[in-house]
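Undergrad: Got a structure for you, questions after.
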């Protein structure tokens, strides 16, 4: 059985890869696409929701304060 610390490190590495390789819009689009599948689980306070909200907030900030 994996230790909790091992799983946390794996999640951290996956999060770094996700945000370094994909734009916030790509992340939101991917989550929305996966949500349409019946076996996809997204609880209101789960990790996927937190990732979605963070990416979505990045999009909103970019729209409100675009780089000049």
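Numbering (our numbering), first residue to last: 22 to 89. We put the beta carbon where it would ideally sit given N, CA and C, even for glycine.
(1) Excluding five sequence neighbours on each side, which residues of the same chain lie with their C-beta closer than 8 angstroms to the C-beta of residue 60?
(2) Based on Cα-Cα distance, which residue from 50, 35, 87, 57 lies nearest to residue 73?
(3) Could you give the distance in angstroms between the alpha-carbon of residue 84 and the alpha-carbon of residue 24?
(4) Alpha carbons only, please: which of 41, 43, 69, 42 is nearest the one belonging to residue 53?
(5) Let's test the definition: count the other Cβ atoms within 10 Å of the Cβ of residue 48 and tell me whether it reaches 16, buried, or not, exposed.
(6) With a 10 Å radius around its C-beta and 16 neighbouring C-beta atoms as the bar for buried, classify residue 65 as buried or exposed.
TA: The short version:
(1) Mapped onto the chain shown, residue 60 falls at position 39. Correct list: empty, nothing qualifies.
(2) Walking along the chain shown from the start, residue 73 turns up at place 52. In terms of CA proximity to residue 73, 50 leads the group 50, 35, 87, 57.
(3) The residue given as residue 84 occupies position 63 in the chain shown. The residue given as residue 24 occupies position 3 in the chain shown. A straight-line Cα-Cα distance of about 41 angstroms links residue 84 and residue 24.
(4) For the purposes of this step, residue 53 is identified with residue 32 of the chain shown, where counting begins at 1. Closest by alpha carbon: 69.
(5) Translated into the one-based positions of the chain shown, residue 48 becomes position 27. Residue 48 is buried by the Cβ-count criterion.
(6) The residue labelled residue 65 in the question sits at position 44 within the chain shown. By the neighbour-count rule (16 or more Cβ atoms within 10 Å), residue 65 is not buried but exposed.
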